[in-house]
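Reading the sequence shown from the start, the letters are residues 525 to 631 in the working numbering.
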Amino acid sequence: MFAMYKQFVVSLADLRFVSIECQLCKTVVTLDMKDVHELAQKYDNAFCPKDCAGCRRQYDSAIRPNVDAFQKAYHALFAIADRVSFRGEEIESAEPNVLVRASGSKV
Ligand SMILES: [Zn+2]
525 MFAMYKQFVV SLADLRFVSI ECQLCKTVVT LDMKDVHELA QKYDNAFCPK
575 DCAGCRRQYD SAIRPNVDAF QKAYHALFAI ADRVSFRGEE IESAEPNVLV
625 RASGSKV
């Protein structure tokens, strides 16, 4: 008997947007990592806005610096994006219904 493995794989070249959900009002803001939003850059040259677009409260202090750092890394790697990919953990299964639920590319 053989084991089948499924793994979720995303190429960096396929990533473009990052979404942030406000913990307070649940508004989701989606930012384009390739073309930085002018409103985010207008005030302090950061990528991630300070405040939620829905309730205008400041995002959690962990959000902004880390999303900014991720976007910088995204830009730094973009020239070699076709060689960089992200992978989820392998899912071993002999049950076909579990394989159907797994999404992404088959490895
Ligand atoms: Zn909010």
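Here a beta-carbon is modelled for each residue, glycine too, at the ideal position from N, C-alpha and C.
Per DSSP, Val534 is one residue of the beta strand (DSSP E) stretching across 533 to 535. Between Phe571 and Gln547 the beta-carbon gap is near 20 Å, outside 8 Å, which marks them as no contact. Here the region 586 to 595 makes no contact with the region 603 to 612; the two share fewer than three CB pairs at distances below 8 Å. Under the DSSP assignment, Phe594 falls in the alpha helix (DSSP H) whose first and last residues are 587 to 601.
Residue selection by CB proximity (closer than 7 Å to any heavy atom of ligand 1) returns Cys546, Leu548, Cys549, Thr551, Cys576, Gly578, Cys579, Arg581 in chain order. In the pairwise beta carbon analysis, the region 605 to 615 is classified as not touching the region 551 to 559: fewer than three pairs are separated by under 8 Å. Put simply, the backbone Cα of Cys576 is about 9 Å away from that of Glu545.
Ranked by Cα distance from Ala597, the options Ile615, Pro573, Met557, Met528 are led by Met557. Val542 is bridged by DSSP to Leu555. Only buried fits Tyr583, as 16 or more other CB atoms lie within 10 angstroms of its CB.
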